[in-house]
Every structure is written in C-alpha cells, then in structure tokens.
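Just so you know, the protein sequences line up as chains P and L, in that order. Last residue of the first sequence: 160 (the numbering used here), numbering continuous. Last residue of the second sequence: 160 (the numbering used here), numbering continuous. Even for Gly, the Cβ is constructed at its ideal location relative to N, Cα and C. For clarity, every value in this text was computed on a predicted model and none was experimentally measured. This report concerns only the one structure given below.
Number of protein chains: 2
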Amino acid sequence: MRQTIQRQIILEELRNLKTHPTAKELYNHVKKRIPTISFGTVYRTLHLLRDRGEIIELAFADRSSRWDGFTHPHQHFYCESCGGVYDVEEDISNKLAGILSRVPGKVKRMHLKIYGICDKCL
Amino acid sequence: MRQTIQRQIILEELRNLKTHPTAKELYNHVKKRIPTISFGTVYRTLHLLRDRGEIIELAFADRSSRWDGFTHPHQHFYCESCGGVYDVEEDISNKLAGILSRVPGKVKRMHLKIYGICDKCL
DNA sequence: TTAGATGCAAACATTTTGCCGCGAT
DNA sequence: ATCGCGGCAAAATGTTTGCATCTAA
Chain P
39 MRQTIQRQII LEELRNLKTH PTAKELYNHV KKRIPTISFG TVYRTLHLLR DRGEIIELAF
99 ADRSSRWDGF THPHQHFYCE SCGGVYDVEE DISNKLAGIL SRVPGKVKRM HLKIYGICDK
159 CL
Chain L
39 MRQTIQRQII LEELRNLKTH PTAKELYNHV KKRIPTISFG TVYRTLHLLR DRGEIIELAF
99 ADRSSRWDGF THPHQHFYCE SCGGVYDVEE DISNKLAGIL SRVPGKVKRM HLKIYGICDK
159 CL
C-alpha cells in the first residue's frame, strides 16, 4: 500500500468533516486542495480504507453512500427533512447482547439507524 | 388511489417472498404473472406503498434497495457472504428507550442492522 | 526501476421520468 | 367520460473500470 498525497488528504478531509459526506461532497472538498483529483481516486480510496477498517460506509435509502471517518462504536440519526446524518455516541452492543446471542450465524458488527426530524428542522 | 391488478400483485408477491428482494428480483417474480409489467410500474408502486407505510425500504451498502412487505417492528441480519437478508423478529425500542430520549429531535422509527455470516454460510 | 496509483472517460447498474394511450371508477 | 395509471424508452444518478501515464518506494 503506497502512501500518496491523495490518500492522505482524502482521509484527512473525511475526518475533518463531521457531516458524513457522500463521495461527491468529499470529492468537492478534496478538490480544493488537489484540483486534479478524480472521482475514480476518491471511490477507490474510500473502498480501500473501508476494507482496511479505517472508515465506515453508511447506507441510507437515498441512493448514495455516506462515509464516516471514525470507527468506534456509535450510531446514527438520519433527518428525513434535511437529509443530515448526526452521530449518536453510544455503544449499543451491551444493551442488545440478548438479541445477538439468539441470531443464527456469526455476528461481526451492528449498526442502529434512527430516523426522524432533527432539532434544527423541527 | 386507484386499485389495479399491477398494484395488487406487486404487494402480494412482495409479501409472499421472504427474501427481501431487490426491485429487479421482485420485477422478475411479478413478470411471471403479468408478462407486460414494466420496471417503472414496479418502482412507482414500491414508492407509493412505502410512502403509505405499507412496506419498508431497506438500504444496504451493496447499492440496490431491498424491500420488506411487513412493517411490524423487527430488525435485519445481513450476511456478508451470500448477501441474504434475514428477519430478526424483535422489537428493540424498549431496550433502546434510553438512547431515544437523549436524541435531539423527533424520533420516528429506528432500525437495527446486524452484519455477519449466516449459519448457512458458516 | 517498477509495481502500484492516478486521471480521464467510458461503461455500468439502478432508479427516475416524460409521454401517450388505456382502463378503473 | 375522466383522469389516474401503466408501458415504454430515454434520461438521470451514483459508482466502477480500462487504459495510458505517472510516481512512491
């Protein structure tokens, strides 16, 4: 795995943003620092970092993945009004241990999505 | 809202399938009964039913939405090996009441996804 | 020096949409 | 008879990929 300026800045910008950006939003931010950056590089880098467990891919029903630069156990609140995604800093694994012990198969991780209207939109 | 044979059969087939199909998979099933059905109709109907709260749209990171014909509180297990989605018949809202009371904004619903390897793939 | 990474553009997969004719009410 | 709905195909969207070039190691 080669260290390139693109990879450095993509991860750096993702971690600086608290907004769980889409690939396109992240691309626009990175572009300010590397004007020649391409979409292909952004996607390839995001997938690489995800596969190495350094970032998390979030799927919501609005077609495009969101990306989260932090991998500690936490959950997400999705605002159905503005589309914003907010962190819920809580590890739920202890609360849900009962469920997990009853699931057939091997559990690797879990993720809770809370849907609603954020306080800014209320 | 007009009652048509297409809408009847789309909902019927979705509820018969326990597999949380993609739109394409569902389309293929419906096509056996209505050979002239179009993708547009399937998508329009799924969105209509979702907006009316009769079915649920599930988003996973593998690009296409899955659809669930049942809306009672339950969760999902996603197998990273075969891509299958299995129901976890449990309402977690009581267990997570603490989290919900601390989320800023109005919570409408929540959904837990458990990622792992299902027992068939182990 | 060279394997691996980037940039670019074309290809892809999925979903959405406009239009017109049809059919449920 | 009306107007919402379905079929069709084109367009839009988000993502992935092939290839030539470049560059970190």
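In three-state terms, what does DSSP make of residue i?
i	result
Asp125/P	strand
Arg167/L	In the structure as shown, chain L begins at 39 and stops at 160. Residue 167/L is therefore absent and cannot be evaluated.
Thr74/L	coil
His149/L	strand
Ile144/P	Looking at the sequence provided, one finds Lys at residue 144/P rather than Ile. Residue state, collapsed to three classes: strand.
Thr109/L	coil
Thr57/L	coil
Gly154/L	strand
Arg104/P	strand
Leu96/L	strand
Gly91/L	coil
Leu134/P	coil
Leu160/P	coil
Using the Cα positions of residue i and residue j, report the straight-line distance between them to the nearest angstrom.
i	j	result
Tyr153/P	Leu160/P	13 Å
Glu166/P	His67/P	With chain P represented from 39 up to 160, any question about residue 166/P goes unanswered, as that position is not in the structure.
Pro142/P	Arg147/L	25 Å
Arg88/P	Thr109/P	10 Å
Ile130/L	Glu92/P	28 Å
Gln41/L	Lys158/P	39 Å
Lys62/L	His112/L	24 Å
Pro73/P	Ile47/P	12 Å
His114/P	Tyr116/L	18 Å
Gln44/L	Ile75/L	8 Å
Val145/L	Leu138/P	24 Å
Per DSSP, residue i is paired with what?
i	result
Cys117/P	Gly154/P
Requested in this report: Indicate whether the contact test is met: 3 or more Cβ pairs, each with one atom in the segment 95–114 of chain L and one in the segment 55–69 of chain L, closer than 8 Å.
Outcome: Contact between the segment 95–114 of chain L and the segment 55–69 of chain L is present: three or more C-beta pairs spanning the two stretches fall below 8 Å.
Query raised in the report: What residues in the segment 82–104 of chain L have a beta carbon less than 7 Å from any beta carbon of chain P?
Result: Of all residues in the segment 82–104 of chain L, only Glu95, Ala97, Phe98, Ala99 and Ser103 place a beta-carbon less than 7 Å from a beta-carbon of chain P.
Query raised in the report: Within the chosen definition, does the segment 79–87 of chain P reach the segment 110–130 of chain P through at least 3 CB pairs nearer than 8 Å?
Result: Contact between the segment 79–87 of chain P and the segment 110–130 of chain P is absent, with fewer than three C-beta pairs closer than 8 Å.
Report task. With 7 Å as the limit, tell me which residues of the segment 142–159 of chain P have their beta carbon closer than that to any beta carbon of chain L; keep them in chain order. Result -> Of all residues in the segment 142–159 of chain P, Pro142, Gly143, Lys144, Val145, Lys146, Arg147, Met148, His149, Leu150, Lys151, Ile152, Tyr153, Gly154, Ile155, Cys156 and Asp157 have a Cβ within less than 7 Å of some Cβ in chain L.
Report task. Give, in chain order, every residue of the segment 104–122 of chain P whose Cβ lies closer than 8 Å to some Cβ of chain L. Result -> Those residues of the segment 104–122 of chain P that come within reach of chain L (Cβ to Cβ, closer than 8 Å) are Gln113, Phe115, Cys117 and Glu118.
Query raised in the report: Taking any Cβ of chain L, which residues in the segment 51–69 of chain P have a Cβ under 9 Å from it, in chain order?
Result: Along the segment 51–69 of chain P, there is no position whose C-beta sits under 9 Å from a C-beta of chain L.
Report task. Could you list the residues in the segment 123–143 of chain P with a C-beta less than 9 Å from some C-beta on chain L, going in chain order? Result -> Against chain L - using a Cβ distance shorter than 9 Å - the residues of the segment 123–143 of chain P are Tyr124, Val126, Glu128, Ile130, Lys133, Leu134, Gly136, Ile137, Leu138, Arg140, Val141, Pro142 and Gly143.
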